[in-house]
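Below is one structure, written out as structure tokens; the observations come after it.
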Amino acid sequence: MIAQNIAFGILAASSVLAAIRMVTTKNVVHAALYLVVVLGSVAANYILLAAEFVAVVQLLVYIGAIVVLFLFGVMLTRAKLGHEGELDNDQRGLAAVTALLILGILGYVLVDYFGDDKLPQLNRTHEQLNATRGTGAVGNAIFSTYLIPFEVVSVLLLAALVGAIVLARRD
Amino acid sequence: MLLNQFLLLGAVLFCIGVYGVLARKNGVLVLMSIELILNSVNINLVAFGMMGGDAAAITGQVFALFVITVAAAEVGVGLAIVLLIYRNRTTVDLDEVDLMKG
Amino acid sequence: MFAADPLFSTGIDFGVVLIALAKSIIGFLFVLIGVIFMIWFERKLIADFQNRIGPNRAGPWGMLQTLADGIKLIFKEDLRPDGSDSLVFRLAPYLSVVPAFLTFTIVPIGGIFTGAHQGTVHLFGHDTFLQVADPPIGVLFLLAMSSIGIYGAMLAGWASGSKYPLLGSVRASASMISYEAALGLSVVSVVLMSGSLTTHDIVAAQASGGSILDWNIVVTAFVPFVVFCIAATAELNRPPFDFAEAEQELVGGFHTEYSSMRFGMFYLAEFMNTITMSAIIVTLFLGGPSGPIGPGPDQVWPFFWFLLKLLVFLAAFVWVRGTVPRYRYDQLMDLGWKRLIPISLMWLLFIAGIRIGRDQNWSPVLVPLAAIGLGALTVGLLAGSMRTAAIRREQSDEDDLGEVSA
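Protein chains in written order, with my numbering: chain A, 25 to 195; chain B, 11 to 112; chain C, 1334 to 1739.
And the structure:
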């Protein structure tokens, strides 16, 4: 348990620091790289929560596709190196106040309601854990209980694909 | 491990994302901040799933997967729109996209 | 069959840590020595193809040429262009080397899979698999690592701050993303037939019968294997898909501005990726280390078969490089999106249909026939729609031209 808490501490610190750098940096590509750090730390957090399939999907879809897409977008719109003018608008102070306010309320509610609820300890072998919560179990759930949402999401993806092509095509 | 440590991490990332959405004016950066918000939600889903039994754990993971998929769709369309704005106006500053303002 | 590495089943003590450490180091050395061999092998073989002699100065048959080149690279001056982004410029080589090695960790390089062994060997009082790691997500790790490998190429080109590297990196990353879909779809066929994601179980499913007919190349009926090989070549940016570093068009591609050991690392990553991809092909389709056990120490034979199969693929990659001319960029995108992805997707559905038919005891004649009929219909519709789209596009182009001239 101590090892897991240390790991969580490192991951949380790196993800929060990288997230703050992401919203403050003056370079769009650096922002994308900080986003990669955040996403990687979050993927590692999923492994801490014994959700290895979500973790690898996070790596595949977020880091492997979405951020690469962002980098493409940056290179196609303004691939300049170094600092590139103003990326922030003039409501930075207001935005910070809003964010801190939300953080205060969320933090108060969470600490007040969940206090120090512990995640349940699972005293199972690797095989049992794999059978009940592993990739196979997730796959079974997707293709039985959540079959219709899954199909709807597939149609949504197809629609987004067609929509993106229609929007971005040069005619 | 406490449940709250994951929830609070999610809350902090959420608020940083909110700050990014409000304070940035580059379209690509705003989309990135939205990804941050979606990620914090996913941490919460998986962590809450761990509090219940096996069925709850699976449900949390499946919902996180759906959110990731929808995020991919959102980025695809969002970036296409940003690209179109850039092509038409040679800028991705959201402050300058105000044609609809009377 | 769904067994995890028995190394960790009895708790973790000093010996377990030592074995895990030793496996990582041996795996790393294996790939590193493999790269040194592969560079020499490729140069020598290409020289033979082109009727030259090739490297012949350093060591017997020039075998130490790679070492000499490496030492030369280390001592060269390390340049960083003025307009480059210093942090990203220095980060990019590592981003391409590290995933290249990490992918190799899931490859089983030995172990007897028939009988009671189940691919384990007995080392220092512990049973273990002969692979650095056997994660439950298995081959998904391969796909994740190959998508992270894109960053190396992409960021190197951007951070150089000059236009040819940028063009090369955009080309490289676009082709890698495109072919990842075909790669993933052909892997899914393998996973479907083996019933597991872990590389160990995939090898076990192929090797347990002891017959060559159990190999996935036969079980999945050859098509996913061909698609995987083509997609892997594109993924590796090797000829005939090497337009990312096409010398005639782009100087040297995304690593034009790199010199000294940073260039050496890109070179290393390229060959590491070639070896890893060949090893993955052997694992997924050719039964990994399985093969007949001959006389002598029995644990040596699987390793021998693995090396032999690996060598065949390495030679095939060199052969392709020596014979096939480079593709054009738009032809490559055509091949990826309009041919390989539909083929592999349809084959996946075909295999899935047959699999379900077998599980449900449906007629073994009607199911394939219906699947083939449905597949033919889909291909017809797809080809028809592509044709219509092409005709419409031509017409609209003509209309545009008419407007301009009018």
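Every residue, glycine too, gets a C-beta built ideally from N, C-alpha and C.
Any heavy atom of the ligand COA closer than 7 Å to the CB of residue i?
{"i": "F1587(C)", "result": "Looking for the ligand COA in the displayed structure turns up nothing, as the structure carries no ligands at all."}
Closest to residue i by CA distance: which of the options is it?
{"i": "L93(A)", "options": "V80(B), T79(B), V85(B) and A74(B)", "result": "V85(B)"}
{"i": "A42(A)", "options": "A66(B), N54(B), N36(B) and L19(B)", "result": "L19(B)"}
{"i": "I1563(C)", "options": "Q1451(C), Q1383(C), H1455(C) and L1665(C)", "result": "L1665(C)"}
{"i": "P1339(C)", "options": "M1598(C), T1711(C) and L1456(C)", "result": "L1456(C)"}
{"i": "A1486(C)", "options": "G1585(C), D1631(C) and S1522(C)", "result": "G1585(C)"}
{"i": "I78(B)", "options": "V98(A), K50(A), L83(A) and M99(A)", "result": "L83(A)"}
{"i": "M1598(C)", "options": "P1573(C), V1368(C) and F1347(C)", "result": "V1368(C)"}
{"i": "V1560(C)", "options": "F1363(C), F1618(C) and Q1383(C)", "result": "F1618(C)"}
{"i": "L48(B)", "options": "L89(B), D64(B) and I26(B)", "result": "I26(B)"}
{"i": "F1446(C)", "options": "A1565(C), I1535(C), T1711(C) and I1550(C)", "result": "I1535(C)"}
{"i": "L1640(C)", "options": "I1366(C), P1573(C), A1425(C) and F1555(C)", "result": "I1366(C)"}
{"i": "A123(A)", "options": "L57(A), I44(A) and I34(A)", "result": "I44(A)"}
{"i": "L185(A)", "options": "M11(B), I68(B) and I91(B)", "result": "I91(B)"}
For residue i and residue j, what's the separation of their Cα atoms in angstroms?
{"i": "I1379(C)", "j": "T1609(C)", "result": "21 Å"}
{"i": "L1354(C)", "j": "G1443(C)", "result": "17 Å"}
{"i": "I1614(C)", "j": "D1547(C)", "result": "15 Å"}
{"i": "A165(A)", "j": "S1729(C)", "result": "48 Å"}
{"i": "F76(B)", "j": "V1472(C)", "result": "21 Å"}
{"i": "S38(A)", "j": "V177(A)", "result": "32 Å"}
{"i": "L118(B)", "j": "L130(A)", "result": "One cannot answer for residue 118(B) here, as it falls past the ends of chain B, which runs 11 to 112."}
{"i": "A1704(C)", "j": "R1654(C)", "result": "37 Å"}
{"i": "L89(B)", "j": "L118(A)", "result": "27 Å"}
{"i": "L1463(C)", "j": "A1538(C)", "result": "16 Å"}
{"i": "L95(A)", "j": "D136(A)", "result": "41 Å"}
{"i": "V1657(C)", "j": "F1382(C)", "result": "12 Å"}
{"i": "W1670(C)", "j": "A55(A)", "result": "31 Å"}
{"i": "T1721(C)", "j": "F1587(C)", "result": "38 Å"}
{"i": "G59(B)", "j": "W1638(C)", "result": "45 Å"}
{"i": "V98(A)", "j": "V1552(C)", "result": "44 Å"}
Find out if the Cβ-Cβ distance for the pair residue i, residue j is shorter than 8 Å.
{"i": "M1478(C)", "j": "L1435(C)", "result": "yes"}
{"i": "L72(A)", "j": "Q115(A)", "result": "no"}
{"i": "A1466(C)", "j": "I1439(C)", "result": "yes"}
{"i": "Q8(B)", "j": "F32(A)", "result": "The displayed coordinates of chain B run from 11 to 112. Any statement about residue 8(B) would go beyond what the structure contains."}
{"i": "G1501(C)", "j": "G1490(C)", "result": "yes"}
{"i": "F1422(C)", "j": "A1492(C)", "result": "yes"}
{"i": "M1371(C)", "j": "L1647(C)", "result": "yes"}
{"i": "D1684(C)", "j": "S1522(C)", "result": "According to the sequence as given, residue 1684(C) is Ile; it is not Asp. Cβ atoms of I1684(C) and S1522(C): closer than 8 Å."}
{"i": "F16(B)", "j": "N51(A)", "result": "no"}
{"i": "G1620(C)", "j": "A1540(C)", "result": "yes"}
{"i": "A1612(C)", "j": "V1430(C)", "result": "no"}
{"i": "V80(B)", "j": "L180(A)", "result": "yes"}
{"i": "V91(A)", "j": "L59(A)", "result": "yes"}
{"i": "Y96(B)", "j": "V87(B)", "result": "no"}
Taking Cβ positions only, does residue i come closer than 8 Å to chain C?
{"i": "G97(A)", "result": "no"}
Can you give me the Cβ contacts of residue i inside the same chain, cut-off strictly under 7 Å, excluding the 5 residues immediately before and after it?
{"i": "P1675(C)", "result": "L1715"}
{"i": "L104(B)", "result": "K35, G37 and V40"}
{"i": "D1575(C)", "result": "R1659"}
{"i": "K1409(C)", "result": "S1592 and S1593"}
{"i": "M1509(C)", "result": "I1483 and E1568"}
{"i": "T1711(C)", "result": "M1679"}
Can you confirm whether residue i, when its beta carbon is compared against all beta carbons of chain B, has any partner nearer than 8 Å?
{"i": "I87(A)", "result": "no"}
{"i": "V80(A)", "result": "no"}
{"i": "D136(A)", "result": "no"}
{"i": "K142(A)", "result": "yes"}
{"i": "F32(A)", "result": "yes"}
{"i": "V40(A)", "result": "yes"}
Tell me which same chain residues have a C-beta within less than 8 Å of the C-beta of residue i, skipping the five on either side of it?
{"i": "L1476(C)", "result": "E1513, L1516, G1517 and V1520"}
{"i": "D1460(C)", "result": "P1339, L1340, T1453 and V1454"}
{"i": "L1530(C)", "result": "P1469, I1470, G1471, V1472, L1473 and V1524"}
By Cβ distance below 6 Å, which residues in the same chain neighbour residue i in space, the five residues on each side in sequence not counted?
{"i": "A74(B)", "result": "N52, L55 and V56"}
{"i": "W1634(C)", "result": "I1626 and G1627"}
{"i": "V1651(C)", "result": "E1375 and L1378"}
{"i": "L1644(C)", "result": "none"}
When you compare the CB of residue i with every CB in chain A, is at least one pair closer than 8 Å?
{"i": "E45(B)", "result": "yes"}
{"i": "A1722(C)", "result": "no"}
{"i": "S1527(C)", "result": "no"}
{"i": "L109(B)", "result": "no"}
{"i": "A66(B)", "result": "no"}
{"i": "N14(B)", "result": "yes"}
{"i": "N49(B)", "result": "yes"}
{"i": "R34(B)", "result": "yes"}
{"i": "V22(B)", "result": "yes"}
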